[in-house]
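Numbering (numbering that gives the first Met the number 0) for the first sequence: 0 to 422. Glycine included, C-beta positions come from ideal geometry on N, C-alpha and C. Have a look at the structure below, then the notes.
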Amino acid sequence: MKERLRAPKGFQDVIPPKTFIWQHIEDRARKIFKNYGFHEIRVPVVEHTDVFVRSIGENTDIVEKEMYTFNDRAGRSLTLRPEGTASVVRCYVQNGLYTMPAPQRYFYTGPMFRYERPQKGRFRQFYQIGAEAFGVDAPYIDAEILCMLNDFLSDIGLDGLNCEINSIGCNKCRPGYRQALKAYLLSGLDGYCEDCRRRYDINPLRVLDCKVPSCIEASSDAPVITDYLCDDCSAHFRKLRKYLDSMEIKYELNPRLVRGLDYYTGTTFEITTVHPGSQNAVVAGGRYDKLVEEFGGPSAPAVGFAIGMERLVELVSDMDIVKEPGPGLFLICLNEEYRLTGIRILRKLRFSGLWCEMGFGASSLRSQLKKADRAGARYVFIIGEDEIKAGRIKYRRLSNGEEGYLPLDDYENMARLISDERI
RNA sequence: GUGAGCGUAGCUCAACUGGUCAGAGCACUGGACUGUGGCUCCAGGGGUUGGGGGUUCAAGUCCCCUCGCUCACCCCA
0 MKERLRAPKG FQDVIPPKTF IWQHIEDRAR KIFKNYGFHE IRVPVVEHTD VFVRSIGENT
60 DIVEKEMYTF NDRAGRSLTL RPEGTASVVR CYVQNGLYTM PAPQRYFYTG PMFRYERPQK
120 GRFRQFYQIG AEAFGVDAPY IDAEILCMLN DFLSDIGLDG LNCEINSIGC NKCRPGYRQA
180 LKAYLLSGLD GYCEDCRRRY DINPLRVLDC KVPSCIEASS DAPVITDYLC DDCSAHFRKL
240 RKYLDSMEIK YELNPRLVRG LDYYTGTTFE ITTVHPGSQN AVVAGGRYDK LVEEFGGPSA
300 PAVGFAIGME RLVELVSDMD IVKEPGPGLF LICLNEEYRL TGIRILRKLR FSGLWCEMGF
360 GASSLRSQLK KADRAGARYV FIIGEDEIKA GRIKYRRLSN GEEGYLPLDD YENMARLISD
420 ERI
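So this is what it looks like as structure tokens:
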């Protein structure tokens with residue numbers, strides 16, 4: 000046998016019935032996000048490499064070793080997007096969307112690419128549903144976004160989720176905290192793991208969410224960011240919590256919640272699942288009040304999030320709450336000649352919006368009924384010698400065996416019947 | 001990049017310490033039932049046991065290499 004071709008490592012097919020779950024989740028997100036005034040935008044999958052380097056940060060793992068970067072034929076450095084926010088901000092600035100009344104709210108969905116070692120809940124091509132709100136710094140919009148996420152996740156029936164929030168401060172207050180933290184860590188640096196000693200130089204805040212028990216122990220009374228917030232950040236965070244309380248949205252404060260991307264400021268949040276698997280973050284997001292300026296736009300605060308589709312799909316699949324439907328009709332023609340009548344009926348019914356299938360072979364009624372049953376059809380129509388002679392079609396409802404007849408050209412009532420309406 | 005585990009039919013998996021072990025279930029196709037499905041029974045197709053090399057009288061089983069998959073670390077959705 001020839002060697003079979005397979006998708007590249009970390010790239011996967013989504014095939015039925017799984018596709019049905021994807022569609023369900025996307026449909027619900029579209030519906031609910033719309034209720035909150037978010038409009039869909041579609042941005043390219045490829046950007047100039049600089050878009051990501053300047054937003055995500057030069058010294059992050061994503062930029063340093065995870066990007067699919069290549070030169071096009073004219074020698075430009077392009078990159079398959081590793082995340083969505085940078086592209087959306089670029090789009091916002093390029094199209095002058097800041098001239099529209101604030102807030103401007105957008106959502107997007109599509110594949111992201113990172114060259115990582117695949118594992119459970121992590122792929123090289125993975126899908127995100129993301130949303131971004133521009134032009135408003137009021138904490139109300141942070142709360143609104145968390146509320147929207149809450150609606151969405153409970154709408155698709157998920158439980159076992161925790162929402163954690165934090166504020167990582169702004170340009171004014173974070174440096175002070177960073178310094179205090181480094182001073183604290185330095186005093187006992189030998190007690191930390193190798194990774195943490197490395198983190199100390201690169202991103203000391205990361206030490207706080209190390210999983211090694213001894214590190215957790217050693218950093219247990221480290222200074223917390225929330226004690227170092229400036230008045231503005233502190234007030235913003237306090238107000239956000241008030242809004243969440245008022246909307247009865249559950250959350251936990253996690254002063255150790257750090258985001259990996261450089262552009263975050265102020266509010267950050269993460270929604271994690273309690274289900275097994277080490278990739279437990281299903282949603283993550285926060286504020287990025289300076290990024291629009293960095294991209295050459297005006298001063299425009301913003302806040303957004305990204306949902307990991309594969310992780311969500313896995314949780315929804317585990318719950319077995321989405322059922323795959325079957326066709327409304329399975330048409331059986333008992334010989335090739337009757338098929339000429341059959342396909343005419345099929346065309347009409349499909350055009351009227353119904354999912355209809357037909358048996359292709361000239362096999363026995365028995366075997367075709369078996370096919371109809373396995374396809375999960377609601378009704379079977381039979382065209383055979385008796386029916387053609389009498390100018391009518393025989394229908395059978397598979398769930399209860401109820402049978403009857405309709406004129407061969409009475410498409411309207413056929414459609415009603417299949418739709419389970421009264422005829 | 002680091003570490004561990006695993007590759008047998010389309011899918012899920014059997015085959016005692018190397019000795020008819022190349023099998024079962026599901027799925028698919030057909031039949032029993034010639035115009036009535038779901039249940040049951042029967043039959044059929046489909047695998048050079050991921051690939052290569054080695055040890056042995058004998059390898060799916062042991063050793064080496066390679067490719068692939070999975071999980072974890074790093075990091076992240």
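Rounded to the nearest angstrom, what separates residue i and residue j at their Cα positions?
i: Ile417; j: Arg104; result: 41 Å
i: Met0; j: Asn253; result: Low confidence applies to Met0: its pLDDT is 46, below 50, so where it sits in the model is not reliable, and the reading given next is rough at best. Cα to Cα, the separation comes out at about 55 Å.
i: Pro297; j: Val257; result: 27 Å
i: Ile215; j: Tyr126; result: 32 Å
i: Arg237; j: Gly265; result: 12 Å
i: Lys64; j: Lys369; result: 54 Å
i: Arg3; j: Ala85; result: 37 Å
i: Gly129; j: Leu148; result: 11 Å
i: Glu46; j: Val87; result: 11 Å
i: Leu330; j: Leu405; result: 14 Å
i: Cys169; j: Ser76; result: 32 Å
i: Cys232; j: Val302; result: 14 Å
i: Met99; j: Ile144; result: 20 Å
i: Tyr91; j: Gly159; result: 35 Å
i: Tyr250; j: Asn161; result: 7 Å
i: Ala280; j: Gly120; result: 9 Å
i: Thr18; j: Asp419; result: 26 Å
i: Trp354; j: Lys347; result: 11 Å
i: Val230; j: Ile55; result: The displayed chain sequence assigns Asp, not Val, to residue 230. Approximately 27 Å, taken between the alpha carbons.
i: Ile155; j: His38; result: 20 Å
i: Arg396; j: Ala376; result: 9 Å
i: Met318; j: Gln278; result: 18 Å
i: Cys332; j: Leu345; result: 11 Å
i: Ala326; j: Arg349; result: Contrary to the premise, residue 326 reads as Pro rather than Ala in this sequence. Going from the Cα of Pro326 to the Cα of Arg349 covers about 11 Å.
i: Ala374; j: Lys210; result: 49 Å
i: Lys30; j: Ala414; result: 28 Å
i: Ser351; j: Leu364; result: 27 Å
Taking C-alpha atoms, which residue in the options lies nearest to residue i?
i: Cys172; options: Gly383, Ser398 and Thr225; result: Thr225
i: Ser218; options: Leu180, Leu311 and Leu314; result: Leu180
i: Ser166; options: Asp419, Asp288, Gly295 and Ile31; result: Asp288
i: Asp334; options: Gln367, Ser76 and Val281; result: For the record, residue 334 in the displayed sequence is Asn; it is not Asp. For Asn334, the nearest C-alpha among the options comes from Gln367.
i: Glu115; options: Tyr67, Glu336 and Leu339; result: Tyr67
i: Asp220; options: Thr59, Gly187 and Leu77; result: Gly187
i: Phe294; options: Val50, Val62 and Ala142; result: Val50
i: Thr108; options: Ile40, Asp158, Leu339 and Asp189; result: Ile40
i: Gly383; options: Asn399, Ser362 and Ala374; result: Ser362
i: Gly307; options: Tyr97, Ile392 and Glu25; result: Glu25
i: Glu131; options: Leu290, Glu313 and Gly360; result: Leu290
i: Gly134; options: Asn161, Gly95 and Pro324; result: Gly95
i: Phe268; options: Arg198, Cys146 and Ser245; result: Cys146
i: Gly259; options: Arg205, Ile164 and Gly341; result: Arg205
i: Pro16; options: Val312, Asp408, Arg343 and Tyr35; result: Val312
i: Leu482; options: Ile342, Glu292 and Tyr97; result: It is not possible to answer for residue 482, since the shown part of the chain is limited to 0 through 422.
Which residues share a DSSP beta bridge with residue i?
i: Ser166; result: Thr266
i: Ala299; result: Note: Ala299 sits in no beta bridge, so no partner.
i: Lys241; result: Bridge partners of Lys241: none, in fact.
i: Glu328; result: This sequence places Leu at residue 328; Glu is not what is there. Answer is Cys355 and Tyr378, bridged to Leu328.
i: Gln127; result: Gly109 and Gly307
i: Gly284; result: Phe268 and Phe304
i: Gln103; result: Phe133
i: Tyr404; result: Lys393
i: Glu46; result: Thr78
i: His38; result: Tyr105
i: Asn202; result: Its beta-bridge partners do not exist; DSSP assigns none.
Throw me the rounded Cβ distance for the residue i and residue j pair, which I believe falls under 8 Å.
i: Arg286; j: Pro300; result: 7 Å
i: Val379; j: Ala389; result: Not really, about 18 Å apart at Cβ, beyond 8 Å.
i: Phe122; j: Ala28; result: Their Cβ separation, rounded to whole angstroms, is 19 Å, which puts Phe122 and Ala28 out of contact at 8 Å.
i: Phe106; j: Phe32; result: 5 Å
i: Leu239; j: Pro138; result: 4 Å
i: Ile248; j: Asn58; result: So it is not a contact: roughly 34 Å between Cβ atoms.
i: Glu82; j: Ala305; result: 7 Å
Do residue i and residue j have their C-beta atoms closer together than 7 Å?
i: Leu328; j: Arg255; result: no
i: Thr271; j: Leu314; result: no
i: Tyr242; j: Ala101; result: no
i: Gly9; j: Pro174; result: no
i: Tyr491; j: Tyr262; result: Given a span of 0 to 422 for the chain in the structure shown, any question on residue 491 remains unanswerable.
i: Pro110; j: Gln93; result: no
i: Arg80; j: Val44; result: yes
i: Ser316; j: Ile20; result: yes
i: Glu401; j: Ile392; result: no
i: Tyr183; j: Pro212; result: no
i: Gly403; j: Tyr410; result: no
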